[in-house]
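Down below is the structure, laid out as structure tokens.
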Ligand SMILES: [Fe+2]
Ligand SMILES: [Fe+2]
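Structure (structure tokens):
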């Protein structure tokens, strides 16, 4: 069920780190692969070093976050489903979406040779513990965990979408356009953000707010997510 947790693409990217920050990939490189060739003839918006670094950090965080999400659901599901079998389809649906997100970011970081976070093994342990412990606390706590995580992750994806939209606006003001791959990335980020917010809604519909103690639990998980995001952006 979890062979995607150690995909070959990931192992490759560990071996051969070559940050996009040092390579002219984003923004219409002349030797772009066939699938990134321009769909129109407008000049391409070329990303600055800072923008490339932003994308490096964003993709590194997204991959780590989706890894964590799959592990949280993997640890929670047996416990939640044992006492609430009617939640099996919902847990599977959310898990399957997270597995899809994780696979998407594994492919992106491998393609752009972005180094995964050095904290990868730590996040694996932390996410499994979080999933296991909230699952052991019961259905409401498991749902409160999803609510807390998706609140942070949803707003994190939103920030990325806003940032790329600001690049798009700048490009248009210069009579240029974003590289087709960046346009596709924007579509992907929006879709994944919407799916995360759908998980948040499912959690609230399934009594996340009934978890006890609700406030400390949600606050500590949200704090943990923000800390993990900040660390994974850098290392
Ligand atoms: Fe996700
Ligand atoms: Fe999610």
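Residue numbers (this note's numbering): 1247 to 1481. The beta carbon of each residue, even a glycine, is placed where N, CA and C say it ideally should be. None of these values were measured; they are calculated from a predicted model.
Worksheet item: Beta carbon of residue 1348: closer than 8 Å to some heavy atom of ligand 1?
Response: Counting from one through the chain shown, the residue named residue 1348 turns up at place 102. At least one heavy atom of ligand 1 is nearer than 8 Å to the Cβ of residue 1348, so yes.
Worksheet item: Residues with a Cβ closer than 6 Å to any heavy atom of ligand 2, in chain order?
Response: One residue list follows from the rule of a beta carbon closer than 6 Å to any heavy atom of ligand 2, given in chain order as 1315, 1344, 1396, 1442 and 1445.
Worksheet item: Span of the alpha helix (DSSP H) holding residue 1412?
Response: The sequence position of residue 1412 within the chain shown is 166, counting from 1. Residue 1412 -> alpha helix (DSSP H) spans 1385-1419.
Worksheet item: Alpha carbon to alpha carbon, what distance is there between residue 1324 and residue 1290?
Response: Position 44 of the chain shown holds residue 1290. Position 78 of the chain shown holds residue 1324. Cα to Cα, residue 1290 sits roughly 49 Å from residue 1324.
Discussion item. Given the structure, does residue 1421 come close to ligand 1, in the sense that its CB is under 8 Å from one of the ligand's heavy atoms?
Written reply: Stepping through the chain shown from its first residue, residue 1421 is reached at position 175. No, the Cβ of residue 1421 stays beyond 8 Å of every heavy atom of ligand 1.
Discussion item. Closer than 8 Å is the cut-off here; do at least three beta carbon pairs connect the region 1370-1380 with the region 1309-1326?
Written reply: yes
Worksheet item: Rounded to the nearest angstrom, how far is the Cβ of residue 1446 from that of residue 1397, given a contact under 8 Å?
Response: Walking along the chain shown from the start, residue 1446 turns up at place 200. Walking along the chain shown from the start, residue 1397 turns up at place 151. At roughly 6 Å, the Cβ-Cβ gap stays under 8 Å, so residue 1446 and residue 1397 are in contact.
Discussion item. Going by DSSP, what residue range makes up the alpha helix (DSSP H) through residue 1349?
Written reply: Indexing the chain shown from 1 puts residue 1349 at position 103. 1334-1357 is the span of the alpha helix (DSSP H), which, as asked, contains residue 1349.
Worksheet item: Is residue 1288 helix, strand or coil by DSSP?
Response: By one-based count along the chain shown, residue 1288 stands at place 42. DSSP places residue 1288 in coil when its eight states are reduced to three.
Discussion item. Taking the alpha-carbon of residue 1403 as reference, which of 1452, 1311 and 1357 has the nearest alpha-carbon?
Written reply: The residue labelled residue 1403 in the question sits at position 157 within the chain shown. The candidate whose alpha carbon is nearest that of residue 1403 is 1311.
Worksheet item: What are the residues that DSSP puts in a beta bridge with residue 1423?
Response: Position 177 of the chain shown, counting from 1, holds the residue named residue 1423. Partner(s): 1290.
Fill in: Top-ranked residue by Cα proximity to residue 1351, from 1305, 1389 and 1329
Position 105 of the chain shown, counted from the first residue, corresponds to residue 1351. It is 1305.
Worksheet item: Looking only at its own chain, which residues have a Cβ that is under 7 Å from the Cβ of residue 1270, when we skip the five neighbours before and after it?
Response: What you label residue 1270 is simply residue 24 of the chain shown in a count that begins at 1. Low confidence applies to residue 1270: its pLDDT is 38, below 50, so where it sits in the model is not reliable enough to give any reading.
Worksheet item: Excluding five sequence neighbours on each side, which residues of the same chain lie with their C-beta closer than 8 Å to the C-beta of residue 1333?
Response: Position 87 of the chain shown, counted from the start, is the residue given in the question as residue 1333. Closer than 8 Å at Cβ, skipping near neighbours: 1326, 1327, 1385 and 1452.
Practice prompt. List the endpoints of the continuous alpha helix (DSSP H) containing residue 1308.
Written response: Within the chain shown, numbered from 1, the residue matching residue 1308 stands at position 62. Counting along the chain, the alpha helix (DSSP H) containing residue 1308 begins and ends at 1295-1329.
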